[in-house]
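Colleague: Please find one structure pasted underneath; my questions will follow.
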């Protein structure tokens, strides 16, 4: 078998061996290897010492009132959450005949407040409404004006050819 | 097989807690109270703080009952919460010296009880000195290494469970544990 302490990954086998977590065959292979490999033998001994030292660290049992304190905290939490629930229910109950109106009204008020805040944020860049001439230039399309003039010219050219009856029929259409 | 059955039982109990069965929560508390408190005590080395953190762990378990899904092992989930709380506490108190000394009385005035059945005073003193050495060796480990060693040694958790609790890969945990035990071997090898 290859020496397991070559890398930290394979050396984990020795930790598992000392922790008694290896299957018997694998443990026997490690023991056989450790007899021939002084480095692994040393590591196993040192790890066993650590294990023994850690085993000696006993701790106090939990205090007797641990559960009682925990259940008190749980009760307090549940009471406060149920109090909140009751408060919400009482608000809703007040609106019971119009139960659907309450949330709608609240939502509408919220939306209005949000809109007011968005419109009136101090320091926010304001949109300046365009002045009258600017507005006009934005709406007038030069190409469209040219096209309209061309159409009018063309109509003028056709005007003598068209009979008044044709004009009447086209206008009725 | 027995361990697998126990894990399944935990998940089953938690599902019952989700459905509103408070007796199942009491059973879970009974099963895991001591391991969680002991783990936290060894992490923070202060009994009242460990119990306070353990209360928070179980409170969080109870609060999460409605959303609990048995996707991971219950113990892994439980120790993940405990580790998270302990690491936060250690981080917050890093600058403060909060470790209780062995000769310091507990807050309620009762002298600390050390489970030592040997009547010899000399042996008792030696034992206390060694215990202090072990505690200090553990305390000097970086918090994550400490958590990994405690879960590996005392909670008997598998690498995959420790990895899930510490949010690391399994190979990262193996090398973390190797470095931690290497440091402990350097400090505690004379215990043989």
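Residue numbers (our numbering), protein chains in the order written: chain A, 1 to 173; chain B, 1 to 192. Note that the Cβ used here is the ideal one computed from N, Cα and C, for glycine as well.
#1: With a threshold of 8 Å between beta carbons, is residue 256 (chain A) in contact with chain B?
#2: With a threshold of 8 Å between beta-carbons, can residue 87 (chain B) be considered close to chain A, or not?
#3: Note down, in chain order, each residue of its chain lying with its Cβ closer than 8 Å to the Cβ of residue 171 (chain A), except the 5 sequence neighbours on either side.
#4: Suppose you measure from the CA of residue 109 (chain B) to the CA of residue 46 (chain B); what does that come to, to the nearest Å?
#5: Would you grab the beta carbon distance between residue 86 (chain B) and residue 28 (chain B) for me? Rounded to a whole angstrom, and I think it's under 8 Å.
#6: Distance, Cα to Cα, residue 33 (chain B) vs residue 54 (chain B)?
#7: In chain B, what lies closer than 8 Å to residue 74 (chain A) by C-beta?
#8: Please state the DSSP three-state secondary structure of residue 75 (chain B).
#9: Taking only beta-carbon atoms, is residue 47 (chain B) less than 8 Å away from chain A?
#10: Applying the criterion that 16 or more other CB atoms from any shown protein chain within 10 Å of the CB defines a buried residue, is residue 165 (chain B) buried or exposed?
#11: Between residue 182 (chain A) and residue 38 (chain B), how many whole angstroms is the CB-CB distance? I'm expecting something under 8 Å.
#12: Tell me where the alpha helix (DSSP H) around residue 51 (chain A) begins and ends.
#13: Determine, for residue 32 (chain B), whether the minimum Cβ-Cβ distance to residues of chain A falls below 8 Å.
#14: Ordered along the chain, which non-local residues of its own chain (more than five positions away) have a Cβ less than 7 Å from that of residue 136 (chain A)?
#15: So residue 43 (chain B) is in the alpha helix (DSSP H); what residue range does that whole segment cover?
#16: Taking Cβ positions, are residue 83 (chain B) and residue 172 (chain B) nearer each other than 8 Å?
#17: For residue 102 (chain B), would you say it is in contact with chain A, using Cβ-to-Cβ distances shorter than 8 Å as the test?
#18: Beta-carbon within less than 8 Å of residue 107 (chain B)'s beta-carbon, same chain only, minus the 5 sequence neighbours each way: which residues are those?
#19: Under DSSP, the alpha helix (DSSP H) around residue 48 (chain B) begins and ends at which residues?
#20: For residue 13 (chain A), go through chain B and note every residue whose CB falls closer than 8 Å to its CB, in chain order.
#21: Tell me the residue span of the alpha helix (DSSP H) that contains residue 66 (chain B).
Modeller: By the coordinates alone:
#1: Outside the shown range of chain A, which is 1 to 173, sits residue 256 (chain A), and nothing can be said about it.
#2: Residue numbering aside, residue 87 (chain B) sits at position 87 when the second chain is read from its first letter. For residue 87 (chain B), the answer is no, since every Cβ of chain A falls outside 8 Å of its Cβ.
#3: Stepping through the first chain from its first residue, residue 171 (chain A) is reached at position 171. Interpretation of residue 171 (chain A) is limited by its pLDDT of 46, a score under 50 that renders its predicted location unreliable; no figure is taken from the coordinates.
#4: Mapped onto the second chain, residue 109 (chain B) falls at position 109. Mapped onto the second chain, residue 46 (chain B) falls at position 46. Caution is warranted here: a pLDDT of 47 is assigned to residue 109 (chain B), below 50, making its placement in the model unreliable, and the coordinate value is therefore given only provisionally. Whole-angstrom Cα-Cα distance: 15 Å.
#5: Numbered from its first residue, the second chain carries residue 86 (chain B) at position 86. Numbered from its first residue, the second chain carries residue 28 (chain B) at position 28. About 20 Å separates the Cβ atoms of residue 86 (chain B) and residue 28 (chain B), ruling out a contact at the 8 Å cut-off.
#6: In the second chain, residue 33 (chain B) corresponds to position 33, counting from 1. In the second chain, residue 54 (chain B) corresponds to position 54, counting from 1. Spanning the two alpha carbons is a distance of roughly 8 Å.
#7: Position 74 of the first chain, counting from 1, holds the residue named residue 74 (chain A). Ordered by position in chain B, the residues that pass the 8 Å Cβ test against residue 74 (chain A) are 59 and 62.
#8: Against the second chain, residue 75 (chain B) aligns to sequence position 75. Residue 75 (chain B) falls in the helix class under three-state DSSP.
#9: As a working note, residue 47 (chain B) is residue 47 in the second chain. Taking Cβ atoms only, chain A reaches closer than 8 Å to residue 47 (chain B), which makes this a yes.
#10: In the second chain, the residue the question calls residue 165 (chain B) occupies position 165. Burial call: buried.
#11: As displayed, chain A neither begins before 1 nor continues past 173, which places residue 182 (chain A) out of reach and without an answer.
#12: Counted from its first residue, the first chain places residue 51 (chain A) at position 51. 38-55 is the extent of the alpha helix (DSSP H) around residue 51 (chain A).
#13: By 1-based counting over the second chain, the position of residue 32 (chain B) is 32. Answer no: the Cβ-Cβ gap between residue 32 (chain B) and chain A never drops below 8 Å.
#14: Reading the first chain from its first residue, position 136 is the one you call residue 136 (chain A). A caution first: residue 136 (chain A) carries a pLDDT of 49, below 50, which makes its placement in the model unreliable, though a value can still be read off. For residue 136 (chain A), where only same-chain residues beyond five positions count, there are no Cβ hits under 7 Å.
#15: Position 43 of the second chain, counted from the first residue, corresponds to residue 43 (chain B). Residues 22-44.
#16: Taking the second chain and counting its residues from 1, one reaches residue 83 (chain B) at position 83. Taking the second chain and counting its residues from 1, one reaches residue 172 (chain B) at position 172. The answer is no: Cβ separation not under 8 Å.
#17: Here the question's residue 102 (chain B) lines up with position 102 in the second chain. With a pLDDT of 49 at residue 102 (chain B), under the threshold of 50, the predicted position of this residue should be treated as unreliable, though the coordinate-derived value follows. Interface with chain A (8 Å Cβ-Cβ cutoff): residue 102 (chain B) is excluded.
#18: In the second chain, residue 107 (chain B) corresponds to position 107, counting from 1. Low per-residue confidence applies at residue 107 (chain B): pLDDT is 48, beneath 50, and the placement is therefore not dependable, though the value from the model is reported in the following sentence. These residues qualify, in order along the chain: 48.
#19: The sequence position of residue 48 (chain B) within the second chain is 48, counting from 1. Looking at the DSSP string, the run of the alpha helix (DSSP H) that includes residue 48 (chain B) is 47-63.
#20: Translated into the one-based positions of the first chain, residue 13 (chain A) becomes position 13. Chain-ordered listing is empty here: chain B has no CB closer than 8 Å to the CB of residue 13 (chain A), the nearest sitting near 10 Å.
#21: What you label residue 66 (chain B) is simply residue 66 of the second chain in a count that begins at 1. Neither: residue 66 (chain B) is in no alpha helix (DSSP H) and is coded neither H nor E.
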